[in-house]
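Novice: Just dropping this structure here.
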Amino acid sequence: MSERDAATDAASENTPDRPDSPLVRRARTFAARFRRNSLAMGGLIVTVGFLLIALLAPVIAPYDPAAVDVPARLQGPSLAHPFGTDRYGRDLFSRVLYGARIALQVAVATPLLAATVGVPIGLTAGYVGGRVDDALMRLMDSIFAFPAILLGLTLVAVFGQSLTNIVAALGIVYIPQFARVTRGSAVSVVEEEHVRVARSLGASHVRIVLVHVLPFCLSAILVQATVTAALAIVLESSLSFLGVGVPSPRPSWGSILRVGKGYVDSGEWWYSVFPGVAIVIAVLGFNLLGDGLRDVLDPRTDPNR
97 MSERDAATDA
107 ASENTPDRPD
117 SPLVRRARTF
127 AARFRRNSLA
137 MGGLIVTVGF
147 LLIALLAPVI
157 APYDPAAVDV
167 PARLQGPSLA
177 HPFGTDRYGR
187 DLFSRVLYGA
197 RIALQVAVAT
207 PLLAATVGVP
217 IGLTAGYVGG
227 RVDDALMRLM
237 DSIFAFPAIL
247 LGLTLVAVFG
257 QSLTNIVAAL
267 GIVYIPQFAR
277 VTRGSAVSVV
287 EEEHVRVARS
297 LGASHVRIVL
307 VHVLPFCLSA
317 ILVQATVTAA
327 LAIVLESSLS
337 FLGVGVPSPR
347 PSWGSILRVG
357 KGYVDSGEWW
367 YSVFPGVAIV
377 IAVLGFNLLG
387 DGLRDVLDPR
397 TDPNR
């Protein structure tokens, strides 16, 4: 071995490993804490299961959810119909599976729409402050003052009954929550040293907000998104239960419950039990995931801290 090769090997051995970037370290810390949190893991398992069922409903469902079989109407759970049949002989197992697809669309689209509008409002209010903050928050409070179900009913009546209009209505209902959560995080971040340094270096307001403020608000926004997904499923089911949700023949958990409640007294318990259980499981999954994420993203809850 030449002297040059020996020197190169010695230098490589003495060179310390390149440290991970802060982003990589934060990702590894998050993954480790997430795995240790039973709430987060339980919520993730339930939510992923709900997601897979909704996406694979056309493959899993044994029947067309709209197929009518009058001779088989109001049959109890059996091997042929695991969840029984409804008043038209339609397979409730297939209808509940397809109802999960509507619930999934609502759970994904509603937080996205609400965050798209609410997060910029919260960032603006928290960063600018003063009269702008007061005006924007009073506007959000005026929307927040209405009960969610009442505001949802009003907006659906204005927009009309369709899945798109229902998602739009639910998105408007939950805008104030994202605005308030983002504003609360932004107010604390704008006073930190790295924001003052960026201002002193002449960074534009847009750059400061997007680069130095928004990333520190994402954890609160993510938790709010999971909570909103659960609330959106409940509100959409409530609207469908009241008859102003997704129009027939598309199966919604709430609309199945609305019809099924009339058959409970006559003994057809399966008509309302199975869609009700589906709502509970889906909402429980998102709530557990949200609570777990809140614990994982809050360093004060780390037992190894």
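For the sequence shown, my numbering begins at 97 and goes up steadily by one.
Heads up, the beta-carbon is just placed ideally off N, CA and C, and yes, glycines get one too.
Tell me where the alpha helix (DSSP H) around D182 begins and ends.
Specialist: That residue, D182, is in no alpha helix (DSSP H); it is neither H nor E in DSSP.
Novice: Note down, in chain order, each residue of its chain lying with its Cβ closer than 8 Å to the Cβ of I156, except the 5 sequence neighbours on either side.
Specialist: Result list for I156: I149 and L193, in chain order.
Novice: By the three-class DSSP mapping on this structure, what secondary structure does R234 have?
Specialist: R234: helix per DSSP, three-state reduction.
Novice: Take R186 and list the residues in its own chain whose beta-carbon comes closer than 8 Å to its own, dropping the five residues that flank it on each side.
Specialist: Only Y159, P161, A162, A163, V164 and D165 meet the Cβ criterion.
Novice: For R345, which of S258, R276 and A265 has the nearest alpha-carbon?
Specialist: Looking at the sequence itself, residue 345 is Pro, so the reference to Arg does not match. Looking at the Cα atoms, S258 is the closest of the given residues.
Novice: Measuring only the C-alpha atoms, how far is R295 from I304?
Specialist: Taking the straight line joining both Cα atoms gives about 8 Å.
Novice: Sorted by chain position, which residues of the same chain lie with C-beta nearer than 7 Å to T324's C-beta, five sequence neighbours on each side aside?
Specialist: Here the set comprises T206, P207, A210, Y270 and Q273.
Novice: In whole angstroms, what is the alpha-carbon distance linking V142 and L135?
Specialist: If you take the alpha carbons of V142 and L135, they lie about 11 Å apart.
Novice: Mind checking which residues open and close the alpha helix (DSSP H) that includes P272?
Specialist: Per DSSP, P272 belongs to the alpha helix (DSSP H) from I271 to V285.
Novice: Tell me the DSSP secondary structure of A299 in three-state form.
Specialist: Looking at A299 - three-state DSSP - the assignment turns out to be coil, as it is neither helix nor strand.
Novice: Which same chain residues end up closer than 7 Å to F179 when comparing Cβ atoms and leaving out the 5 residues on each side of it in sequence?
Specialist: So the list reads P173, L188, F189, V192, W366 and F370, once near-sequence residues are dropped.
Novice: Would you say the segment 318-336 touches the segment 247-266, given that touching needs at least three Cβ pairs under 8 Å?
Specialist: Taking 8 Å as the limit for Cβ pairs, the verdict is that the segment 247-266 does touch the segment 318-336.
Novice: I need the DSSP call for L306, collapsed to helix, strand or coil.
Specialist: Helix at L306.
Novice: Go through its chain and collect everything with a Cβ distance to L393's Cβ below 6 Å, but skip five positions before and after it.
Specialist: S315, listed in sequence order.
Novice: How far does the alpha helix (DSSP H) with V342 in it reach, from first residue to last?
Specialist: It is not in any alpha helix (DSSP H) - V342 carries neither H nor E in the DSSP assignment.
Novice: Taking one C-beta from the segment 223-234 and one from the segment 351-360 each time, how about it: are there three or more such pairs within less than 8 Å?
Specialist: In short, these stretches do not touch, since the Cβ pair count stays below three.
Novice: Out of L249, D182 and F130, which one is the CA nearest neighbour of V342?
Specialist: When only C-alpha atoms are compared, the closest one is L249.
Novice: Following the continuous alpha helix (DSSP H) through F382, name the residue where it begins and the one where it ends.
Specialist: Its alpha helix (DSSP H) spans residues W366 to L393.
Novice: What does a CB cutoff of less than 6 Å around A275 pick up in its chain, not counting 5 residues either side in sequence?
Specialist: For A275, where only same-chain residues beyond five positions count, the Cβ hits under 6 Å are G214, I217, G218 and M236.
Novice: Helix, strand or coil for A241 per DSSP?
Specialist: Coil.
Novice: Cα-Cα, which of A168, I198 and L385 is closest to L152?
Specialist: Of the listed residues, the one whose Cα sits closest to L152 is I198.
Novice: Less than 7 Å between the beta carbons of S348 and C313, yes or no?
Specialist: No, these two residues do not count as a Cβ contact at 7 Å.
Novice: Would G139 and L385 be called neighbours here (beta carbons separated by less than 7 Å)?
Specialist: Cβ atoms of G139 and L385: closer than 7 Å.
Novice: Between A326 and the rest of its own chain, which residues show a CB-CB distance below 6 Å, the 5 nearest in sequence each way excluded?
Specialist: Correct list, in chain order: V379, F382 and N383.
Novice: For V340, collect the residues of the same chain with a Cβ closer than 8 Å to its Cβ; drop the 5 residues on either side in sequence, then sort them by chain order.
Specialist: Cβ within range, chain order: L249, V252, A253 and Q257.
Novice: When the Cα atoms are used, what is the spatial distance from I239 to L247?
Specialist: C-alpha separation (whole angstroms): 8 Å.
Novice: Given a cut-off of 7 Å, decide if G222 and R279 are closer than it, judged by their beta-carbon atoms.
Specialist: Yes.
Novice: My guess is that H301 and H290 are in contact by the Cβ rule of under 8 Å, so how many angstroms apart are they, rounded?
Specialist: Actually they are not in contact, since the Cβ atoms of H301 and H290 sit about 15 Å apart, beyond 8 Å.
Novice: Where P311 and F146 are concerned, what is the direct C-alpha to C-alpha distance, given to the nearest angstrom?
Specialist: Each residue's Cα considered, the two are about 29 Å apart.
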